[in-house]
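Student:
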Amino acid sequence: MEDAKPQYTYQLERKVHPKKGPVEIIKSKLLRQLSCSLPRVKRTLIDFFPVVRWLPKYKIKEYVWGDIMSGLIVGIILVPQAIAYCLLAGLEPIYGLYTSFFANIIYFILGTSRHVSVGIFSLMSLMVGQVVDREVYLAGFDLGEDSKRSSLDVGWNGTEEHQDTAANFTMGAFGMECGKECYAISIAAVLTFLAGFYQVLMAVFRLGFVSVYLSAPMLDGFATGASCTILTVQVKYLVGLKIPRHQGYGTVVVTWINIFKNIHKTNFCDMITSAICITVLLLGKELQDRYKDRLKIPLPTELVVVALATVISHFADLNGQYNSSISGAIPTGFIPPKVPNFSLIPRVAIDAIPLAVISFAFTVSLSEMFAKKNGYTVRPNQEMLAIGFCNIIPSFFHSFTTSAALAKTMVKDSTGCRTQVSSVVSALVVLLVLLFLAPFFFSLQKCVLACIIIVSLRGALRKFRDLPRLWRLSKIDAVVWMVAMSSSALISVEIGLVIGVVFSMLCVLAQTQYPKASLLGKIENTTYYEDMNDYDNLEIIPKVKIFRFQAPLYYANKDFFLKSLFKAVGLEPFIERTRQKKMEKKAKNRSAKQTDKENDVSLSLVASEVDFHTIILDCSSVPFIDTTGINTLKGVIKEYKDVGVNMILACCNTTVIDSLRRSSFFGSEDKEMQTRLFPNLHSAVSFATSDTAASVNNTPV
Numbered sequence: 001m002e003d004a005k006p007q008y009t010y011q012l013e014r015k016v017h018p019k020k021g022p023v024e025i026i027k028s029k030l031l032r033q034l035s036c037s038l039p040r041v042k043r044t045l046i047d048f049f050p051v052v053r054w055l056p057k058y059k060i061k062e063y064v065w066g067d068i069m070s071g072l073i074v075g076i077i078l079v080p081q082a083i084a085y086c087l088l089a090g091l092e093p094i095y096g097l098y099t100s101f102f103a104n105i106i107y108f109i110l111g112t113s114r115h116v117s118v119g120i121f122s123l124m125s126l127m128v129g130q131v132v133d134r135e136v137y138l139a140g141f142d143l144g145e146d147s148k149r150s151s152l153d154v155g156w157n158g159t160e161e162h163q164d165t166a167a168n169f170t171m172g173a174f175g176m177e178c179g180k181e182c183y184a185i186s187i188a189a190v191l192t193f194l195a196g197f198y199q200v201l202m203a204v205f206r207l208g209f210v211s212v213y214l215s216a217p218m219l220d221g222f223a224t225g226a227s228c229t230i231l232t233v234q235v236k237y238l239v240g241l242k243i244p245r246h247q248g249y250g251t252v253v254v255t256w257i258n259i260f261k262n263i264h265k266t267n268f269c270d271m272i273t274s275a276i277c278i279t280v281l282l283l284g285k286e287l288q289d290r291y292k293d294r295l296k297i298p299l300p301t302e303l304v305v306v307a308l309a310t311v312i313s314h315f316a317d318l319n320g321q322y323n324s325s326i327s328g329a330i331p332t333g334f335i336p337p338k339v340p341n342f343s344l345i346p347r348v349a350i351d352a353i354p355l356a357v358i359s360f361a362f363t364v365s366l367s368e369m370f371a372k373k374n375g376y377t378v379r380p381n382q383e384m385l386a387i388g389f390c391n392i393i394p395s396f397f398h399s400f401t402t403s404a405a406l407a408k409t410m411v412k413d414s415t416g417c418r419t420q421v422s423s424v425v426s427a428l429v430v431l432l433v434l435l436f437l438a439p440f441f442f443s444l445q446k447c448v449l450a451c452i453i454i455v456s457l458r459g460a461l462r463k464f465r466d467l468p469r470l471w472r473l474s475k476i477d478a479v480v481w482m483v484a485m486s487s488s489a490l491i492s493v494e495i496g497l498v499i500g501v502v503f504s505m506l507c508v509l510a511q512t513q514y515p516k517a518s519l520l521g522k523i524e525n526t527t528y529y530e531d532m533n534d535y536d537n538l539e540i541i542p543k544v545k546i547f548r549f550q551a552p553l554y555y556a557n558k559d560f561f562l563k564s565l566f567k568a569v570g571l572e573p574f575i576e577r578t579r580q581k582k583m584e585k586k587a588k589n590r591s592a593k594q595t596d597k598e599n600d601v602s603l604s605l606v607a608s609e610v611d612f613h614t615i616i617l618d619c620s621s622v623p624f625i626d627t628t629g630i631n632t633l634k635g636v637i638k639e640y641k642d643v644g645v646n647m648i649l650a651c652c653n654t655t656v657i658d659s660l661r662r663s664s665f666f667g668s669e670d671k672e673m674q675t676r677l678f679p680n681l682h683s684a685v686s687f688a689t690s691d692t693a694a695s696v697n698n699t700p701v
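Under my numbering, think of the first position of the sequence shown as 1, with each following residue one higher.
Next comes the structure, spelled out in structure tokens:
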């Protein structure tokens, strides 16, 4: 038999760190953080403005063509999307162009990803639009009519005046008086400022770990549910119905009910235009997907559709002849910057939290994904700062919340993008539209914009097809996806996010409370051990039970640990001890009437039902153990010892070992550890089947 090698002898000396009190620790950290020197200032500035580090090293001949091409293509895609997504945000198209322009410039300066495209994102636009519509409605404006005014005058200088007449908003040097639209963009601007402020705070306090709780199945389900909401909100534009956006929960259900109630008012001009545009857009997308290896640049389908639809709408006078809804006048140039109306903060402070978290999560996950794909690294904390300032600064320029967008990022990557110079090129394309081309979109039908939005949801809605595969891979992940999707679609986007996060965390908690626990057997002719429920033809070790518990052992699952252990080994110590006591009592009663030889036979029957003498606890999947878990382990070891069964540990990590040592788990430490703790399963099995184990257990091997 192979020699049994007792386990850790702790010959290596652990590092001894001088103990510091909490005051000393805080003081040293503050001194380190607040210390100032010229090199430190220089390093801080370079870290805060990554463009200073990489732009001087820009390889013009190698990078410039790819950056220009990808920037132009993304800019061409961005313009119609920026105009279209304003329908979701409940704002005029000009604000979408502002948002796209400023976000690209700021991320160029502050971002660490070379490929991420920051700007208008459908999910962010929807979440902004829900808040804007709610506040506009509460302020007394009719969501279906732009001409009415509120009784609340909220000026751009942050003052509030209650009047009996209309609300008046003066927009800087333009001297323009407006009502609903000024209030809407003031809500969007302060919401965006707050979202960016939260993101910067998260970066300062290094709270990026929050995104850890946004699991991939939860995010996919949330995005799919939100896509259902986006699709529903846009259907009214496809058929030309003038239905105000529903306020409150159940937007999808209520909106579809209202659509069917008003279906007789369908504008057939809009419906025919929508059918043609969706067909062309889908055909372009399918051709793009099928021949993406042959096409060097993506097909600018959206731009072609927008251009043709605008020309046809203008010369056919679809608005005048058929009452088709159009975008209307889009002014050129920039509105002078203004400080967001901070008096509105109490109304939207809570709404900005999910915006900040989702915007950050999508940006960081995309930047890390494409950095890994292209062989470089990004700094998540700096990414959080970058997206935070991509919201804070544009909020002074009448913009709304931004995020990284997957589709445009993939386009940048596939068209040869090498650096964020491509973002500057995209911003210049948007600037060209802002300064010169915006008025040409006057006759563009809103149904065309709705078609662009709906077709862009194709990828998210296709996630429904992946659900069966996800169910086969992990039923828990599939349930998380379905809960996040259905709650986002049927209740509301914000509530759906909360439900998705809470439910996914409860699933993780349930997995640690009710983890997998099983007996192991030996793979023939090897020193490896596997789950006997998962594999056939495993060798059973005589007189030894190997039990694996795949979770931390802590207060929440101690009862499940004990039940699983008793069930797996087929022996509950309390019941066995009770049985043995009864047998002993019966044996003593018969001892007076039996000979010595018969008495020895009777006493041997007391322990005859226990067919093993050692339990090996495989701790390889136990990341930590708390005091409750240690006490539970101590108790069960003692209980098994009372019925003649020894319990030993194998594969403990250093965290678990240190916890056991600190709690005086081992009695006379050297001897106790040598017979209780082993570095791997095979050494524990060798010990359990050796003569040494027999002397420890006082039972024959």
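Backbone N, C-alpha and C fix where the C-beta goes; we use that ideal spot for every residue, glycine too.
Just so it is clear, the structure is predicted and the values come from calculations on it, not from any experiment.
According to DSSP, is F665 helix, strand or coil?
Tutor: Numbered from its first residue, the sequence shown carries residue 665 at position 665. Three-state DSSP puts F665 in coil, outside helix and strand.
Student: Note down the Cα distance separating C228 from V357, rounded to an integer number of angstroms.
Tutor: By one-based count along the sequence shown, residue 228 stands at place 228. By one-based count along the sequence shown, residue 357 stands at place 357. One C-alpha to the other measures close to 21 Å.
Student: For V235 and V311, what's the separation of their Cα atoms in angstroms?
Tutor: Reading the sequence shown from its first residue, position 235 is the one you call residue 235. Reading the sequence shown from its first residue, position 311 is the one you call residue 311. In a straight line, the C-alpha of V235 is about 23 Å away from that of V311.
Student: Could you check how far apart the C-beta atoms of V128 and A103 are, in whole angstroms? I think they sit under 8 Å.
Tutor: Here residue 128 corresponds to residue number 128 of the sequence shown, with the count starting at 1. Here residue 103 corresponds to residue number 103 of the sequence shown, with the count starting at 1. The pair is not a contact, with the Cβ atoms about 14 Å apart (cut-off 8 Å).
Student: Within the same chain, show all residues whose beta-carbon is closer than 8 Å to that of A203, passing over the 5 residues directly before and after it, in chain order.
Tutor: Along the sequence shown, one-based indexing puts residue 203 at 203. Closer than 8 Å at Cβ, skipping near neighbours: N381, Q382, M384, L385 and G388.
Student: Evaluate Q321 with the Cβ neighbour count: other Cβ atoms within 10 Å of its Cβ, from every protein chain shown; 16 or more gives buried, anything less gives exposed.
Tutor: By 1-based counting over the sequence shown, the position of residue 321 is 321. By the 10 Å Cβ count, Q321 comes out exposed.
Student: Assuming C451 and C277 make a contact with CB atoms under 8 Å, what is their CB distance in whole Å?
Tutor: Reading the sequence shown from its first residue, position 451 is the one you call residue 451. Reading the sequence shown from its first residue, position 277 is the one you call residue 277. About 4 Å separates the two Cβ atoms, so the contact holds.
Student: Alpha helix (DSSP H) containing I106: first to last residue?
Tutor: Along the sequence shown, one-based indexing puts residue 106 at 106. It spans P93 to L110 - the alpha helix (DSSP H) in which I106 sits, taken as one unbroken run.
Student: Measuring straight from C-alpha to C-alpha, what distance separates V252 and F370?
Tutor: Position 252 of the sequence shown holds residue 252. Position 370 of the sequence shown holds residue 370. Going from the Cα of V252 to the Cα of F370 covers about 34 Å.
Student: Determine the DSSP secondary structure at G119, reduced to helix, strand or coil.
Tutor: Counting from 1 along the sequence shown, the entry for residue 119 is found at position 119. The answer is strand: DSSP assigns G119 an E or B state.
Student: Mind checking which residues open and close the alpha helix (DSSP H) that includes G388?
Tutor: As a working note, residue 388 is residue 388 in the sequence shown. Residues P380 to S395.
Student: By how many angstroms is the C-alpha of I230 removed from the C-alpha of L704?
Tutor: The structure shown has nothing for residue 704, since the chain only spans 1 to 701.
Student: Sorted by chain position, which residues of the same chain lie with C-beta nearer than 8 Å to N262's C-beta, five sequence neighbours on each side aside?
Tutor: Counting from 1 along the sequence shown, the entry for residue 262 is found at position 262. Here the set comprises L241 and I243.
Student: Can you tell me which of the three DSSP states L194 falls into?
Tutor: In the sequence shown, the residue the question calls residue 194 occupies position 194. L194 falls in the helix class under three-state DSSP.
Student: Alpha carbons only, please: which of N646, A404, K582 and P346 is nearest the one belonging to V569?
Tutor: In the sequence shown, residue 569 corresponds to position 569, counting from 1. Among N646, A404, K582 and P346, the Cα nearest to that of V569 belongs to N646.
Student: Could you tell me which residues DSSP pairs with S327 in its beta bridges?
Tutor: Taking the first residue of the sequence shown as 1, we reach residue 327 at position 327. Answer is none; S327 lacks a bridge partner.
Student: Which value, in whole angstroms, describes the spacing of the CA atoms of V685 and V544?
Tutor: Position 685 of the sequence shown, counting from 1, holds the residue named residue 685. Position 544 of the sequence shown, counting from 1, holds the residue named residue 544. Straight-line Cα distance between these residues: approximately 8 Å.
Student: Is the separation between the beta-carbon of L765 and that of S365 shorter than 9 Å?
Tutor: With the chain covering 1 to 701 only, the question about residue 765 has no answer from this structure.
Student: May I ask which residues mark the beginning and end of the beta strand (DSSP E) holding D477?
Tutor: The residue you call residue 477 lines up with position 477 of the sequence shown. For D477, there is no enclosing beta strand (DSSP E); the residue is found in the alpha helix (DSSP H) stretching over K475 to L490.
Student: I'd like to confirm the pairing. Which residues does DSSP put opposite G644 in its beta bridges?
Tutor: Stepping through the sequence shown from its first residue, residue 644 is reached at position 644. Note: G644 sits in no beta bridge, so no partner.
Student: For the alpha helix (DSSP H) that T224 lies in, which residues bound it at each end?
Tutor: The residue given as residue 224 occupies position 224 in the sequence shown. Looking at the DSSP string, the run of the alpha helix (DSSP H) that includes T224 is A216 to L238.
Student: Find the nearest neighbour of C390 within the set S683, L123, P80 and Q199, judged by alpha-carbon distance.
Tutor: As a working note, residue 390 is residue 390 in the sequence shown. When each option's Cα is compared against that of C390, the closest is Q199.
Student: If I follow the unbroken alpha helix (DSSP H) through L706, where does it start and stop?
Tutor: Nothing in the structure corresponds to residue 706, since the chain is present only between 1 and 701.
Student: Does any CB atom of chain D fall closer than 9 Å to the CB of S487?
Tutor: No chain D is part of this structure, which consists of one protein chain only.
Student: My output table needs one value for S147: the three-state DSSP class, helix, strand or coil.
Tutor: Residue numbering aside, residue 147 sits at position 147 when the sequence shown is read from its first letter. The predicted model places S147 with a pLDDT of 38, which falls under 50 and marks its position as unreliable; any figure quoted below should be read in that light. It is coil, neither helix nor strand.
Student: Hey, could you find the ends of the beta strand (DSSP E) Y529 is sitting in?
Tutor: Start at 1 with the first residue of the sequence shown, and residue 529 comes out as number 529. That run of the beta strand (DSSP E) goes Y529 to D531.
Student: Would you report the Cα separation of F687 and D618, rounded to the nearest angstrom?
Tutor: Within the sequence shown, the letter at position 687 stands for residue 687. Within the sequence shown, the letter at position 618 stands for residue 618. Their Cα atoms are separated by approximately 14 Å.
Student: Identify, in the order they occur along the chain, each residue of the same chain with its Cβ nearer than 6 Å to the Cβ of S620, setting aside the five sequence neighbours on each side.
Tutor: The residue you call residue 620 lines up with position 620 of the sequence shown. Excluding sequence positions up to five before and after S620, its CB lies within less than 6 Å of the CB of C651, all in the same chain and listed in chain order.
Student: Nearest CA to the CA of A746: which residue from V52, S395 and F560?
Tutor: Any answer about residue 746 is impossible in this case: the structure gives the chain only from 1 up to 701.
Student: Can you give me the Cβ contacts of I625 inside the same chain, cut-off strictly under 6 Å, excluding the 5 residues immediately before and after it?
Tutor: The residue you call residue 625 lines up with position 625 of the sequence shown. Answer for I625: L553, V656 and S659, listed in chain order.
Student: Where are the beta strand (DSSP E) runs, 3 residues long or more, that stay fully inside the stretch 242–304, in chain order?
Tutor: Complete beta strand (DSSP E) runs here, min 3: none at all.
Student: Might you give, ordered along the chain, the residues of its own chain that have their beta carbon closer than 8 Å to the beta carbon of F549, omitting 5 neighbours on each side?
Tutor: Within the sequence shown, residue 549 is the residue found at index 549, counting from 1. Same-chain partners within the cutoff: P515, A517, F561, S564, L565, L617, D618, C619, S621 and V622.
Student: Take T409 as the anchor and find which of K59, V74 and L45 has the nearest alpha-carbon.
Tutor: The count along the sequence shown starts at 1 and reaches residue 409 at position 409. For T409, the nearest C-alpha among the options comes from V74.
Student: Using 8 Å as the Cβ pair cut-off and three pairs as the minimum, do the stretch 54–71 and the stretch 413–420 touch?
Tutor: yes
Student: Measuring CA to CA, which of N323, S215 and F222 is closest to K446?
Tutor: The residue labelled residue 446 in the question sits at position 446 within the sequence shown. When each option's Cα is compared against that of K446, the closest is N323.
Student: For the alpha helix (DSSP H) that D559 lies in, which residues bound it at each end?
Tutor: The count along the sequence shown starts at 1 and reaches residue 559 at position 559. Where D559 is concerned, the enclosing alpha helix (DSSP H) stretches over K558 to V569.
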